[in-house]
Amino acid sequence: MNYQAAIAELRESFKIEVQRSKFEFRFGTKPECEEQFISAFQAVDKTIEKYLHLPEYDQIINWMTDTKGKGLFLTGSCGRGKSIIITGVLPLIFYTKMNKILRCYRADEIPQKVDEINKSWVVIIDELGVETQVNNYGEKSEGFNTIINLAENRITPLFISTNLTTSQILSRYGERTLDRISRLCRVVTFTGESLRK
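For the sequence shown, position 114 matches number 141 in our numbering, and the numbering has no gaps at all.
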């Protein structure tokens, strides 16, 4: 049986997609990625007087050299640069290196924009955990679970920032969602004191 021919026939004749594949991005060598990251960070965040390179940033730079088909899930301490990276640094790098536009959503937009977010070629959500539940004719649900379920089906790249701990994510969104996060994203945990202090 020729499965590749069957996949092609299902796709072309019946408009049915049964094959899943990962999006893989590479932004260059490690020195090139480090230079891109630092330059983008400095260009995006004009509130800092001097750039301070954190150990967590090295994990993101390593990811940039070979994403292995995964997005990023930035979690941990407040004030360490997670939001700047998700909302500014990554969109700037994708635009300048690949001519791709990344639209970021704040988590508090999820209840009103689940359908819009699900139409994106990538999902970028800042501050996961601050959103209210989706209220659909009196039935409440976690909009993020809807988003991540579709992302899993389509292998959509996810870029998420949150201050929630693993146990808080598990408690609010459930084991299935936590498992999907680890499948779809490289998890980078930020620790230490806020740089805002």
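All C-beta atoms, glycine included, are put in the ideal place defined by N, C-alpha and C.
Because the structure is a prediction, the values reported are computed rather than measured.
>> If I follow the unbroken beta strand (DSSP E) through L81, where does it start and stop?
In response: Mapped onto the sequence shown, residue 81 falls at position 54. It is not in any beta strand (DSSP E) - L81 carries neither H nor E in the DSSP assignment.
> For G115, which three-state DSSP category applies?
Replying inline: By 1-based counting over the sequence shown, the position of residue 115 is 88. Note: G115 maps to helix in three-state DSSP.
>> Am I right that G106 and S188 are in contact with their C-beta atoms under 8 Å? What's the rounded C-beta distance?
In response: Looking up residue 106 in the sequence shown gives position 79. Looking up residue 188 in the sequence shown gives position 161. Contact doesn't hold; Cβ gap of about 12 Å is too wide.
>> Whole angstroms are fine: how far does the CA of S40 sit from the CA of T173?
In response: For the purposes of this step, residue 173 is identified with residue 146 of the sequence shown, where counting begins at 1. For the purposes of this step, residue 40 is identified with residue 13 of the sequence shown, where counting begins at 1. Using only the alpha carbons, I get a separation of about 29 Å.
> Which stretch, first to last residue, makes up the beta strand (DSSP E) that contains D214?
Replying inline: To locate residue 214, count along the sequence shown from 1; it is residue 187. The sequence shown places Val at residue 214, rather than the Asp named in the question. Unbroken beta strand (DSSP E) run through V214: 212-217.
> Using the C-alpha atoms, what's the distance from R210 back to K146?
Replying inline: Within the sequence shown, numbered from 1, the residue matching residue 146 stands at position 119. Within the sequence shown, numbered from 1, the residue matching residue 210 stands at position 183. Whole-angstrom Cα-Cα distance: 20 Å.
>> Just to check my reading of the structure: G96 and E51 have Cβ atoms closer than 8 Å, yes? What is that Cβ distance to the nearest angstrom?
In response: As a working mapping, residue 96 is identified with position 69 in the sequence shown. As a working mapping, residue 51 is identified with position 24 in the sequence shown. Yes, G96 and E51 are in contact; Cβ-Cβ is about 5 Å, under 8 Å.
>> Which residue marks the beginning of the alpha helix (DSSP H) containing R130, and which one marks its end?
In response: Here residue 130 corresponds to residue number 103 of the sequence shown, with the count starting at 1. Taken as a continuous stretch (DSSP letters only), R130 belongs to no alpha helix (DSSP H), as it is neither H nor E.
>> In the DSSP output, what is D153 paired with across the bridge?
In response: As a first step, residue 153 must be located in the sequence shown, where it is residue number 126. Paired residue(s): R133.
> By Cβ distance below 8 Å, which residues in the same chain neighbour I128 in space, the five residues on each side in sequence not counted?
Replying inline: Start at 1 with the first residue of the sequence shown, and residue 128 comes out as number 101. The residues are P118, F121, Y122.
> Rounded to whole angstroms, how far is the Cβ of I113 from the Cβ of D153, which I believe are closer than 8 Å?
Replying inline: Mapped onto the sequence shown, residue 113 falls at position 86. Mapped onto the sequence shown, residue 153 falls at position 126. The pair is a contact, with the Cβ atoms about 5 Å apart (cut-off 8 Å).
> Of the choices K109, T216, L185, E143, whose alpha-carbon is the least far from that of I151?
Replying inline: Counting from one through the sequence shown, the residue named residue 151 turns up at place 124. The residue with the shortest Cα to Cα distance from I151 is L185.
>> Tell me which residues share the same chain as D93 and place their Cβ nearer than 7 Å to its Cβ, disregarding the 5 neighbours each side in the sequence.
In response: In the sequence shown, residue 93 corresponds to position 66, counting from 1. Once the five neighbours on either side are set aside, the close Cβ partners of D93 are R53.
> Between which two residues does the alpha helix (DSSP H) carrying T94 extend?
Replying inline: The residue you call residue 94 lines up with position 67 of the sequence shown. Per DSSP, T94 belongs to no alpha helix (DSSP H) and is neither H nor E.
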